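Read through the structure below, which is laid out as structure tokens, and then see the notes.
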Amino acid sequence: MCLFCKIIAREIPASIVYEDDRVLAFDDINPQAPTHVLVIPKRHIGTLSELQPDDDGIVGELVRRAAILAGERGIAISGFRTVFNTNRDAGQTVFHIHLHLLGGRGLAWPPG
Ligand code: 5GP
Ligand code: ZN
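Here's what the structure looks like:
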């Protein structure tokens, strides 16, 4: 089982900030901004490259949930960033897709 599937199964603890039947969101263990939340599907998908047409709904739910969490944390107006890293050059380290929600400080662009 992958690391994030273990968090979903409660085999590894996490600071969970949202959960429903399909989506889990939790604080990143190594936060890069005052808000750094990972929003993941409960169904294992390794990378964006594996997405199928049937996955369009869950990807939309991840993005919409990130926006709702940003609103709840008061960073929707100041601004926030949502990122999926895919494979080596993007620095993907956990191969279960996760949407990073980052905010609460100015974020440089372009990213490193
Ligand atoms: P990636 O580099 O794959 O886009 O992002 C993986 C993220 O998962 C990193 O930001 C990293 O800090 C986070 N992470 C890795 N292991 C754990 C863990 O056990 N718990 C939590 N909450 N986050 C983790
Ligand atoms: Zn997984």
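Position one of the sequence shown corresponds to residue 762 (the working numbering), numbered consecutively onward. Just so it is clear, CB atoms sit at the ideal spot from N, CA and C, and this is done for glycine as well. This one's a predicted model, so the numbers in the text were calculated from it and none came from an experiment.
Item, Value
"Arg866 - containing beta strand (DSSP E), residue span", "Taken as a continuous stretch (DSSP letters only), Arg866 belongs to no beta strand (DSSP E), as it is neither H nor E."
"Phe765 CB to nearest heavy atom of the ligand FAD below 7 Å", "Of the ligands one can find in the structure shown, namely the ligand 5GP and the ligand ZN, none is the ligand FAD."
"Exposed unless 16 or more other CB atoms sit within 10 angstroms - verdict on Gly882", "Since the displayed the chain opens at 762 and closes at 873, residue 882 lies outside it and no answer follows."
"His859 Cβ short of 7 Å to the ligand ZN heavy atom set", "no"
"According to DSSP, residues forming a beta bridge with Leu785", "Glu780, Ile801"
"Range covered by the beta strand (DSSP E) that runs through Phe841", "841 to 844"
"Selection from Val784, Ile829, Tyr779 that minimises the alpha carbon distance to His805", "Val784"
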